[in-house]
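**Q** One structure follows; several queries about it will come next.
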Amino acid sequence: MAAQAGPLVDLSIDNDGIAILTMNRPPVNSLNLELLEEIGKSLDEVAKNKTKSMILTSSSPSVFSAGLDIMEMYKPDLKRAEIFWTTLQDVWIKLFGSSYITAAAINGHAPAGGCLLSMSCEYRVMVEGKYTIGLNETALGIVAPTWFMDTMCHTIPIRQAEYALTTARMFTVDEALQVGLIDESASDKADAIDKCKKFIRKFDKIPSLARAVTKQKIREGPLVRLQKNRQQDTAEFLGFLKNPKIQQSLEMYIQSLKQKAAK
Amino acid sequence: MAAQAGPLVDLSIDNDGIAILTMNRPPVNSLNLELLEEIGKSLDEVAKNKTKSMILTSSSPSVFSAGLDIMEMYKPDLKRAEIFWTTLQDVWIKLFGSSYITAAAINGHAPAGGCLLSMSCEYRVMVEGKYTIGLNETALGIVAPTWFMDTMCHTIPIRQAEYALTTARMFTVDEALQVGLIDESASDKADAIDKCKKFIRKFDKIPSLARAVTKQKIREGPLVRLQKNRQQDTAEFLGFLKNPKIQQSLEMYIQSLKQKAAK
Amino acid sequence: MAAQAGPLVDLSIDNDGIAILTMNRPPVNSLNLELLEEIGKSLDEVAKNKTKSMILTSSSPSVFSAGLDIMEMYKPDLKRAEIFWTTLQDVWIKLFGSSYITAAAINGHAPAGGCLLSMSCEYRVMVEGKYTIGLNETALGIVAPTWFMDTMCHTIPIRQAEYALTTARMFTVDEALQVGLIDESASDKADAIDKCKKFIRKFDKIPSLARAVTKQKIREGPLVRLQKNRQQDTAEFLGFLKNPKIQQSLEMYIQSLKQKAAK
């Protein structure tokens, strides 16, 4: 792991009163237990301070978030793995079901868990370039849980979601725009944040209680589904980790990453 | 209120045997209890006479329907408010779940409840011009109930519905066409009705029992959901009316309408 | 019935290890009990041999499958009709819920049950020409059961599905492409099979367990719904067959087919 420079998450309130939540776990914002805990705390803080809106982004110049930290899944301590998973569930429930306005300034690659976090926001602006976004879990031999799928089906048509999920499809910015996986593209991070703010300003004259309840109502299906099946969902994840085939897939993937890094 | 000229609803059968249901509560077909009751009775009549099809339109030159009459919600008599709401539920169940063919000739603005009525039909033709359509409840501080949302999600993708519902988006005719909120545009009311008839004629050779059951089956989800939650839905509406914040939003909205009218 | 040349189904494994399941009941692959039983057995064989993938196609030069054999429904032996229907349910559950990769090379017309079989696959390539595809049950006075509708809504937007189902819409190849009912068009059968193989090759590097579970998870809703309501679904079908109006519709349809054939 790279040495950690500063806190794992930076939460600031900008001049417009908008909370900017910047993930900061170099090099690629891999979502390990500690980063997820810090994201969760920041979401609590935004909610507690009744900040009207939040933009989620990354401190990395090229990666929004690489997704779940594979080291939390490879040869895991099952006790920690369970806390890891329930923390991820918590973060999603807080973010997908938040009462405040949420937007993602996707300033780099957003595979798997990175894609999930951005899809859990209400609006997505992605920086142009070679970056890609998608739920590519199957490429690693992992099955995206039901609530990952539900979140994707809340964003793009189910036919597109099935194709993307099974083929581990990573969308280019243009492809993501076309299918509706993102809402806008931007020239750079500053432009992405500006466009997120423009989205947030659409709500200036909308009474915030009605807006929040409306959002939570239309998102109720996936939220209630996870809340009802939380224990089973956790059990499935842990069962998956115990599967030798899965561990083998993860090992092969880690080897391929090491070979890439060595080049 | 403007003086009422003639009955609140005109129901006629045209030469093709198609029922034309014209809302006629000047100036803007605000849906108050009495108008909803008359619409409900007309829908019953169409069903009873086994008329094959119905076109819903407005006698106003510029408004299809302005939606629920805000005066039914502002400082309400709760007894009347309850009847108002259950009557609205009845109208929707009759229209959305009707066995006969339904089309809306949207000859003017169709915000909120006006949009709901048109979306509950099977086909929508809207007259070109400055008219707009959408579920803009949040702008008034109101939350569209689940069955309004379900009706919209039956018409346009859920991602588009969430964006539209939270931002109180009013679609222009072109925007509505593009997203699928309407099926066709028309040059004027006569053209809109002609296009509705063209849609209706598509069923000339389709056995009507199979057509009706097919329609009701694919609409079963939203229908059953309201039928199961009717009492709770009514309680939510009444609870909402009792909320001082909601009453304040309504008051501000009424003031803004008065100021507009005074100009 | 035309004399049967060879077995009702041809199942072969090609050089790439892909199973090719060819329906072969001349002249139009009407799905009668025997053909459905043979398809079911072939699907079992593909699953048992752990073949990675399967392409479904037809031996006819112009028809993929004409759908359910109307002679199974017209003046039926109810005992046989029940076995017919449960066999169709079985085929759908095996195909829609299969763990192996599935693609349809639609080399001709695909109305009703023919459309259902192709939609139950994960990918559809259709040969250009005058061929059409759709769930046109209502034209025959029949109601497509809920799981036919669910399968269509898994493929195209619900608004499009309602319109298509009620109007008995048959899509041209171009229309099917545009709405997403098929994924690609092809110049002929060989080209269609090539394009199916190209789709299948997308999974070469995807661990197959994760792919299979992902597919089955996103298809869980419709699968569980039929499994829960199987008996009721069968009872509905049998009740439908007993309806004199339905029998009359079927008779009229059979007459029109005879008239066409006589020209």
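Chains as they are written, first to last, in my numbering: chain A, 14 to 276; chain B, 14 to 276; chain C, 14 to 276. We put the CB at the ideal spot given by N, CA and C, even for glycine. Small disclaimer: the values here were computed from a predicted structure and weren't measured.
1. Using a Cβ-Cβ cut-off of less than 8 Å, list which residues of the segment 140-153 of chain B approach chain A; keep chain order.
2. To which residues of the same chain is B/Ser43 closer than 8 Å at the C-beta, ignoring the five residues directly before and after it?
3. Taking the alpha-carbon positions, what's the C/Tyr176 to B/Ala116 distance?
4. Taking DSSP as the reference, what is the three-state secondary structure of B/Leu222?
5. Against chain B, which members of the segment 170-194 of chain C pass a CB distance test of less than 9 Å?
6. Would you mind telling me which residues of chain C sit closer than 8 Å to B/Val226, beta carbon to beta carbon, in chain order?
7. Would A/Val237 be called buried (16 or more neighbouring beta carbons within 10 Å of its own) or exposed?
8. Can you determine whether any heavy atom of the ligand FAD sits closer than 7 Å to the C-beta of A/Trp98, and answer yes or no?
9. Residue range of the alpha helix (DSSP H) that C/Ala205 falls in?
10. Could you give the DSSP three-state label for B/Ala15: helix, strand or coil?
11. Should B/Ala248 be labelled buried (16 or more other beta-carbon atoms within 10 Å of its own) or exposed?
12. Using the three-state DSSP reduction, which class does B/Ser111 fall into: helix, strand or coil?
13. Can you tell me where the beta strand (DSSP E) holding A/Asp27 begins and where it ends?
14. Under 8 Å between the Cβ atoms of C/Thr35 and C/Ser71?
15. Within the 8 Å Cβ cut-off, does C/Lys258 reach chain B?
16. Any beta-carbon of chain C closer than 8 Å to the one on B/Thr70?
17. Can you give me the C-alpha to C-alpha distance between C/Leu239 and C/Lys54, rounded to a whole angstrom?
18. Suppose contacts are defined by Cβ-Cβ distances below 8 Å. Is B/Met162 in contact with A/Ile219 by that definition?
19. Would DSSP call B/Val156 helix, strand or coil?
20. Bridge partners for C/Gly147 per DSSP, in chain order?
21. In chain order, what residues of the segment 20-32 of chain B put their CB closer than 9 Å to some CB of chain C?
22. Roughly how many angstroms separate the alpha carbons of A/Lys151 and C/Gln245, rounded to a whole number?
23. Counting only the same chain and skipping the five closest in sequence on each side, list residues whose C-beta sits under 7 Å from that of A/Cys128.
24. List the residues that DSSP assigns as beta-bridge partners of C/Leu130.
25. My output table needs one value for C/Gly80: the three-state DSSP class, helix, strand or coil.
26. Can you list, in chain order, the residues of its chain with a C-beta nearer than 6 Å to that of C/Ala32? Leave out the 5 residues immediately preceding and following it.
27. Three or more C-beta pairs under 8 Å: does that hold for the segment 163-183 of chain B against the segment 193-203 of chain B?
28. Would C/Ser131 and C/Phe109 be called neighbours here (beta carbons separated by less than 8 Å)?
29. Which bits of chain B does A/Pro328 rub up against, with CB to CB less than 7 Å?
30. What span of residues does the beta strand (DSSP E) with B/Ser75 cover, start to end?
31. Could you list which residues in chain A have their beta carbon closer than 7 Å to that of B/Met162, in chain order?
32. Could you check whether C/Lys202 and C/Val140 sit closer than 8 Å to each other, using their CB atoms as the reference points?
33. Could you check whether the Cβ of B/Thr159 sits closer than 8 Å to any Cβ belonging to chain A?
34. Is it true that the CB of C/Gly154 sits closer than 8 Å to the CB of B/Ala223?
35. List, in chain order, every chain B residue whose beta-carbon is nearer than 8 Å to that of A/Ile219.
36. If you draw a straight line from the alpha carbon of B/Asp29 to that of C/Ala174, how long is it in whole angstroms?
**A** Judging by the given coordinates:
1. Result list: Glu150, Thr151, Ala152, Leu153.
2. Ser78, Ala79, Gly80, Leu81, Asp82, Ile83, Met84
3. 12 Å
4. helix
5. Answer in chain order: Pro170, Ile171, Arg172, Gln173, Ala174, Glu175, Tyr176, Leu178, Thr179, Thr180, Ala181, Arg182.
6. Val156
7. exposed
8. For the ligand FAD, the structure offers nothing, since it holds no ligand at all.
9. 202-214
10. Its pLDDT being 46, under 50, B/Ala15 is placed unreliably in this model, and the value from its coordinates should be taken loosely. Here B/Ala15 sits in coil by DSSP.
11. exposed
12. coil
13. Counted as a single uninterrupted DSSP element, the stretch harbouring A/Asp27 is not any beta strand (DSSP E), since DSSP gives it neither H nor E.
14. yes
15. yes
16. Taking Cβ atoms only, chain C never reaches closer than 8 Å to B/Thr70, which makes this a no.
17. Distance between the alpha carbons of C/Leu239 and C/Lys54: 20 Å.
18. In this structure, A/Ile219 does not lie closer than 8 Å to B/Met162 by Cβ.
19. In the structure shown, B/Val156 sits in coil (DSSP, three-state: anything other than H, G, I, E or B).
20. C/Pro124
21. For the segment 20-32 of chain B, which is checked against every Cβ of chain C, not one residue is closer than 9 Å.
22. Going by the sequence as given, residue 151 of chain A is Thr instead of Lys. Whole-angstrom Cα-Cα distance: 36 Å.
23. Ile146, Gly147, Leu148
24. C/Leu130 pairs with nothing; no bridge assigned.
25. Strand, per DSSP.
26. Ile26, Val59, Thr64, Met67
27. yes
28. no
29. Only positions 14 to 276 of chain A appear in this structure, which leaves residue 328 of chain A out of reach.
30. Looking at the DSSP string, B/Ser75 is not in any beta strand (DSSP E), and its letter there is neither H nor E.
31. Lys230, Ile231
32. yes
33. yes
34. yes
35. Thr151, Ala152, Thr179, Thr180, Ala181
36. 27 Å
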